[in-house]
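Step one of this worksheet: look at the structure below.
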Amino acid sequence: MSMIVARMQKMKAENLVGIGNHNQRKTKNHSNPDIDTSLSKLNYDLVDRTQNYKTDIENFINENKSTTRAVRKDAVLVNEWIISSDKDFFDNLTESEIENFFERSKDYFAEKFGEKNIRYATVHLDESTPHMHMGIVPFDKDNKLSAKRVFNRQALRDVQEELPKYLQDFQFEIARGQKGSERKNLTVPEFKKLKEEELEIKKELQIKKDELIAYTKENQIDKKLDITPIKEMEDIEIETDEKTLFGKNKTEIVRQWTGNIILSENDYLKLNKEIKKGKKTEGRLAAILETDVYQENKELKNELKDQIDKNDKDIDDYND
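Residue numbering for the sequence shown follows full-length UniProt numbering, starting at 1 and increasing by one per position.
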């Protein structure tokens, strides 16, 4: 079963212009290569309340806050939630079902945090995986602005537990993400060091992949045997070294080679026959599998997976 993606980030006044331009696709040049601008016309907003993020949200806060005291310049004005799941989940839904998924997700937050406090709920269909950016002004029950009170640690845990169950009631086959059993609170230096280590592993892994591909081409196994190998690909979500306007690493869904090669039955039989005949192909294939490049590639993939799994457990508590 697919898992829910529900991640929150804090937005101050200085962040609202940039995130508004991104969410509303107001700029022609996007730093995210995953955006297909020809599909941007398919994006929509479920509440359609905010045209200018900074101006409109600040006006809403000033008109509705219960105190006359001015809002602090460093106050969190919006808690933005990114709601999504994996590509397979959306591939099994129709367009109307996808819209209903995001509509129901919005309804959950409206019931829990106040419908009028949702100032935007922008659904992006122009990237590899559909997702929603939903901005909630953190007014408490007394209409006092306080992100710490509204989205405290318990509230965040409740969202992770309750949202998938809420969606299941509407026949969506989705579960909560895996709980971290050994989470700890990270200091800022620890968090940065952890992210730097992950980035270095990713860079080294890419270098080794390139070396392996080059080595394979040099030996020309497929040409010698006249076979057509196909790389097995998978969709994964990775963090890039590109920063958002509020200092966090951006994520993107990329197609990545699993390291496996797919052969048709005919090509497999042909390859097996040639190997049995004892031709040089067997030696070339064995040589590749024994190279340091191949082994290092395999080890780095495992190391990267372990690092990302560890990061997923740690980052949630840091963001709290």
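Think of the CB as a built atom: it goes at the ideal place given N, C-alpha and C, for glycine as much as any other residue.
ask   = Should Lys106 go down as buried or exposed, given a rule of 16 or more other Cβ atoms within 10 Å for buried?
value = For the purposes of this step, residue 106 is taken as residue 106 along the sequence shown, with counting starting at 1. Lys106 should be labelled buried.
key: Rounded separation between Glu252 and Lys10 - CA only   = As a first step, residue 252 is located in the sequence shown; it is residue number 252 there, counting from the start. As a first step, residue 10 is located in the sequence shown; it is residue number 10 there, counting from the start. Rounded to the nearest angstrom, the two C-alpha atoms are 19 Å apart.
inquiry  = Please list the terminal residues of the continuous beta strand (DSSP E) segment that includes Ile230.
reply    = If you number the sequence shown from 1, residue 230 lands on position 230. Element bounds for Ile230: 230 to 243.
Three-state secondary structure (DSSP) of Ala121 = Taking the sequence shown and counting its residues from 1, one reaches residue 121 at position 121. Note: Ala121 maps to strand in three-state DSSP.
key: Secondary structure of Arg49, DSSP reduced to three states   = For the purposes of this step, residue 49 is identified with residue 49 of the sequence shown, where counting begins at 1. Arg49: coil per DSSP, three-state reduction.
key: Residues sharing a beta bridge with Ile253, DSSP   = Translated into the one-based positions of the sequence shown, residue 253 becomes position 253. BP columns for Ile253 point to Glu237.
Which of helix, strand or coil DSSP assigns to Lys112 = In the sequence shown, counting from the first residue as 1, residue 112 sits at position 112. Three-state result, Lys112: helix.
inquiry  = I'd like to know if the region 121 to 135 and the region 77 to 96 are in contact, where contact means that at least 3 CB-CB pairs between them fall below 8 Å.
reply    = yes
key: Cutoff 7 Å; reference Ile57; Cβ partners in own chain excluding five residues on either side   = Residue numbering aside, residue 57 sits at position 57 when the sequence shown is read from its first letter. Taken in chain order, the residues that qualify are Leu16, Thr50, Leu77, Val78, Arg119, Val137.
key: Identified DSSP bridge partners for Lys12   = Walking along the sequence shown from the start, residue 12 turns up at place 12. Val76, per the DSSP bridge assignment.
key: Beta-carbon separation (whole angstroms), Asn43 vs Val123, contact threshold 8 Å   = Indexing the sequence shown from 1 puts residue 43 at position 43. Indexing the sequence shown from 1 puts residue 123 at position 123. With a Cβ gap of about 6 Å, Asn43 and Val123 count as contacting.
query = Smallest Cα separation from Phe101: which of Ile207, Ile236, Glu239, Gln171?
reply = For the purposes of this step, residue 101 is identified with residue 101 of the sequence shown, where counting begins at 1. The candidate whose alpha carbon is nearest that of Phe101 is Gln171.
key: 7 Å Cβ shell around Glu234 - same chain, five flanking residues per side excluded   = The count along the sequence shown starts at 1 and reaches residue 234 at position 234. Only Gln256, Thr258 meet the Cβ criterion.
inquiry  = Taking the alpha-carbon of Leu125 as reference, which of Leu93, Gln206, Lys41 has the nearest alpha-carbon?
reply    = In the sequence shown, counting from the first residue as 1, residue 125 sits at position 125. Per the Cα distances, Lys41.
ask   = What first and last residue would you give for the alpha helix (DSSP H) that runs through Ala147?
value = Walking along the sequence shown from the start, residue 147 turns up at place 147. Start and end: 147 to 150.
key: Cα-Cα separation, Pro164 to Ala75   = For the purposes of this step, residue 164 is taken as residue 164 along the sequence shown, with counting starting at 1. For the purposes of this step, residue 75 is taken as residue 75 along the sequence shown, with counting starting at 1. Whole-angstrom Cα-Cα distance: 30 Å.
key: Ala6, buried or exposed, once every other Cβ within 10 Å from all chains shown has been counted against 16   = For the purposes of this step, residue 6 is taken as residue 6 along the sequence shown, with counting starting at 1. Under this definition Ala6 is a buried residue.
message = Within a Cβ cutoff of 8 Å, which residues of the same chain sit near Thr240, ignoring the five residues on either side of it in sequence?
response = For the purposes of this step, residue 240 is taken as residue 240 along the sequence shown, with counting starting at 1. Closer than 8 Å at Cβ, skipping near neighbours: Asn249, Lys250, Thr251, Glu252.
ask   = Mapping DSSP to helix, strand and coil, what is Gly20?
value = Position 20 of the sequence shown, counting from 1, holds the residue named residue 20. Correct three-state label for Gly20: helix.
key: Residue closest to Gly20, alpha-carbon to alpha-carbon, out of Phe246, Asn117, Asp267, Ser146   = As a working note, residue 20 is residue 20 in the sequence shown. Of the candidates Phe246, Asn117, Asp267, Ser146, the one whose C-alpha sits nearest the C-alpha of Gly20 is Phe246.
message = Which residues does DSSP list as the beta-bridge partners of Tyr166?
response = Within the sequence shown, residue 166 is the residue found at index 166, counting from 1. None, per the DSSP bridge assignment.
request  = Report the residue from Ile4, Asn143, Asn23, Leu46 whose alpha carbon sits nearest the alpha carbon of Arg69.
outcome  = Working through the sequence shown from its first residue, we reach residue 69 at position 69. Checked all of Ile4, Asn143, Asn23, Leu46; the closest Cα to Arg69 is Asn143.
Close-in-space but distant-in-sequence residues of the same chain around Leu39 (CB under 7 Å, 5 per side omitted) = The residue you call residue 39 lines up with position 39 of the sequence shown. Same-chain partners within the cutoff: Leu125, Asp126.
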